[in-house]
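Structure first, then comments.
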Amino acid sequence: MIVKQKEIHVFFANKQTIVFNENIKQLTQKIQKQYSENPHDIQLQTILVQIYYKYQNNYKIALKMIKDILLQDKLQMDARLDLAEVMLEFNIGSKEDIQNLINECYNLDSNYWRTYFTHIKYYDSIDSNDLFLSNVLQKFLIKFPDNIWLKVYLLQVLSDSNKSQLKEENAKEILDSEFLDYDLMRRLSYFLMNVGFNDKVVQLLEQGLKLNPNSFICLNNLGYFMKTNHKNNLKCIELCKKALQQNCRSLATLNNIAYTYQNMNNYKESTKYLKKCLDVYSYSPCQFQNIAYNYQEIEEFEMSFYYLLKGLKKFPNSAILNVQQQLIFFQISDEGIIDKEEFELLSQKNCDLQLKLNEPYYYNTHLIFNLVFQ
3 MIVKQKEIHV FFANKQTIVF NENIKQLTQK IQKQYSENPH DIQLQTILVQ
53 IYYKYQNNYK IALKMIKDIL LQDKLQMDAR LDLAEVMLEF NIGSKEDIQN
103 LINECYNLDS NYWRTYFTHI KYYDSIDSND LFLSNVLQKF LIKFPDNIWL
153 KVYLLQVLSD SNKSQLKEEN AKEILDSEFL DYDLMRRLSY FLMNVGFNDK
203 VVQLLEQGLK LNPNSFICLN NLGYFMKTNH KNNLKCIELC KKALQQNCRS
253 LATLNNIAYT YQNMNNYKES TKYLKKCLDV YSYSPCQFQN IAYNYQEIEE
303 FEMSFYYLLK GLKKFPNSAI LNVQQQLIFF QISDEGIIDK EEFELLSQKN
353 CDLQLKLNEP YYYNTHLIFN LVFQ
């Protein structure tokens, strides 16, 4: 299996797939010039939107341009789907709003494949299990049997559970595709890593980064691969920090670096990034459980107990939080605090004060466990 080095950049506008085969910097300058001469050209504007949020991670400019497109033409589907993708990639807005955008697109045209592709990303973002995702993808592929994006997504999902049934040949169609841009490359690398063809993983991710040097997902995934396959935690951290410079709200990267520090027994740094995850989106009791675990490891039992309480307020039926809360309580009972209510009140008072004085950034109750490798 050979990874061909081609300059391929794929965009979606007016329900068409548009491919360019030139350097992204030159392409950006060309599109900007054309747009300045034709400021009402929605196709050019849509391509620019995707350059801004995919290649420059500048979602704020992208959002302004999306708004302008929809003011010109409220029926523009690609603008709606770009809005949904920005919300997913940068973890802004609510999941309900994303679902509503997708539903609007189905109502406008139920035969546009990109709506289905964005929908599966949405399902993935709300922690849907692999069986559900694979079933949905197979239904989508009945409607769009030749769609390369749905096919590679299905390979990703299947590779999480059916490793022995998948072979290198499954990747050939993707590799030969005229649409093999940085995003298809990183998705294909996910599949190849899961099924054990590690020699091609780095090649694909590095080639993806040549096409899009600012791809925070490629940087994150390369870091994860270096950690898991080369036992290089420091390289993983270095790449994760580069990824976070591009998108500080990437849950996958925040989790990746947090668990890497945890593996290195650097619990303070791990906790810092786990708390940033809570700021972006608190989606799982495991987030609170891991913070509590870190505090327990450095013997700050009161803080550990506090985060378990905080987690139980959001996830009152979580077995893992309830069990760990009991274990922490028994652990601290030897220190003379044997009444649970007394300890709870003391813990709340002291931790509220500590958070107020030392960690104001994280003391936010309004602020999904994605895999660290996407």
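Mind the numbering: the sequence shown is residues 3 to 376 in this note's numbering, read in order.
Every residue gets a Cβ at the ideal spot worked out from N, C-alpha and C, and that includes glycine.
Check: Nearest-angstrom Cα distance between asparagine 438 and isoleucine 33?
Finding: Because the chain here runs from 3 to 376, residue 438 falls outside it and cannot be looked at.
Check: If lysine 270 sits next to isoleucine 300, beta carbons under 8 angstroms apart, how far is it from one beta carbon to the other, in whole angstroms?
Finding: Numbered from its first residue, the sequence shown carries residue 270 at position 268. Numbered from its first residue, the sequence shown carries residue 300 at position 298. Contact flag correct, Cβ pair sits at about 7 angstroms.
Next item on the list: Could you spell out the range, first to last residue, of the beta strand (DSSP E) harbouring isoleucine 10?
Entry: Position 8 of the sequence shown, counted from the first residue, corresponds to residue 10. That residue, isoleucine 10, is in no beta strand (DSSP E); it is neither H nor E in DSSP.
Notebook entry, point to check: From Asn216, Glu180 and Asp162, pick the residue whose C-alpha is nearest to that of serine 191; which is it?
Noted result: The residue labelled residue 191 in the question sits at position 189 within the sequence shown. Nearest C-alpha to serine 191: Asp162.
Next item on the list: Apply the 10 Å Cβ neighbour rule to glutamine 158 and answer buried if 16 or more other Cβ atoms are within range, or exposed otherwise.
Entry: Taking the sequence shown and counting its residues from 1, the one referred to as residue 158 is at position 156. With 16 or more Cβ atoms within 10 Å of its Cβ, glutamine 158 is classed as buried.
Item checked: Neighbourhood of valine 88 by C-beta distance below 8 angstroms, restricted to the same chain and skipping five residues each side -> Locating residue 88 in the sequence shown gives position 86, where the first residue counts as 1. So the qualifying residues of the chain are Tyr55, Tyr61, Ala64, Leu65, Ile68 and Ile94.
Next item on the list: Under 7 angstroms Cβ to Cβ from asparagine 292, same chain only, skipping five residues before and after it: list those, please.
Entry: The count along the sequence shown starts at 1 and reaches residue 292 at position 290. Contacts found: Leu276.
Notebook entry, point to check: When you compare each of Asn267, Thr273, Ser130 and Ser252 to glutamate 91 by their alpha carbons, which one comes out closest?
Noted result: Within the sequence shown, the letter at position 89 stands for residue 91. Among Asn267, Thr273, Ser130 and Ser252, the Cα nearest to that of glutamate 91 belongs to Ser252.
Next item on the list: Look at the alpha carbon of glutamine 45 and the alpha carbon of phenylalanine 22, and state the distance between them as a whole number of angstroms.
Entry: For the purposes of this step, residue 45 is taken as residue 43 along the sequence shown, with counting starting at 1. For the purposes of this step, residue 22 is taken as residue 20 along the sequence shown, with counting starting at 1. Computed Cα separation, rounded: 14 angstroms.
Note to self: glutamate 180 and isoleucine 20 - do their beta-carbons sit closer together than 9 angstroms?
What the structure shows: Working through the sequence shown from its first residue, we reach residue 20 at position 18. Working through the sequence shown from its first residue, we reach residue 180 at position 178. No.
Next item on the list: Can you have a look at threonine 367 and say buried or exposed, based on whether 16 or more other CB atoms are within 10 angstroms of its CB?
Entry: As a first step, residue 367 must be located in the sequence shown, where it is residue number 365. Confidence is the limiting factor: at threonine 367 the pLDDT is only 29, short of 50, which leaves the residue's position unreliable, though a coordinate-based value still follows. Label assigned to threonine 367: exposed.
Next item on the list: Would you kindly report the start and end of the unbroken alpha helix (DSSP H) that includes glutamine 247?
Entry: Position 245 of the sequence shown, counted from the first residue, corresponds to residue 247. Note, glutamine 247: alpha helix (DSSP H), 235-248.
Next item on the list: Thinking cysteine 220 and arginine 188 are a contact (beta carbons under 8 angstroms), I'd like their distance in whole angstroms, please.
Entry: As a first step, residue 220 must be located in the sequence shown, where it is residue number 218. As a first step, residue 188 must be located in the sequence shown, where it is residue number 186. About 5 angstroms separates the two Cβ atoms, so the contact holds.
Next item on the list: Would you kindly report the start and end of the unbroken alpha helix (DSSP H) that includes phenylalanine 290?
Entry: Indexing the sequence shown from 1 puts residue 290 at position 288. Phenylalanine 290 -> alpha helix (DSSP H) spans 287-299.
Note to self: Going by DSSP in three states, isoleucine 94 sits in which element: helix, strand or coil?
What the structure shows: Residue mapping note: residue 94 aligns to position 92 of the sequence shown, counting from 1. Coil, per DSSP.
Item checked: Bridge partners - isoleucine 20, DSSP secondary structure assignment -> Within the sequence shown, numbered from 1, the residue matching residue 20 stands at position 18. Answer is Phe13, bridged to isoleucine 20.
Checklist line | First and last residue of the uninterrupted alpha helix (DSSP H) at arginine 188 | finding: On the sequence shown, residue 188 is found 186 positions in, with the first residue counted as 1. 184-196 is the span of the alpha helix (DSSP H), which, as asked, contains arginine 188.
Notebook entry, point to check: Mind checking aspartate 148: buried by the 16 CB within 10 Å criterion, or exposed?
Noted result: Taking the first residue of the sequence shown as 1, we reach residue 148 at position 146. Exposed is the call here.
Next item on the list: Check whether the Cβ atoms of lysine 141 and tyrosine 124 lie closer than 9 angstroms to each other.
Entry: Here the question's residue 141 lines up with position 139 in the sequence shown. Here the question's residue 124 lines up with position 122 in the sequence shown. The answer is no: Cβ separation not under 9 angstroms.
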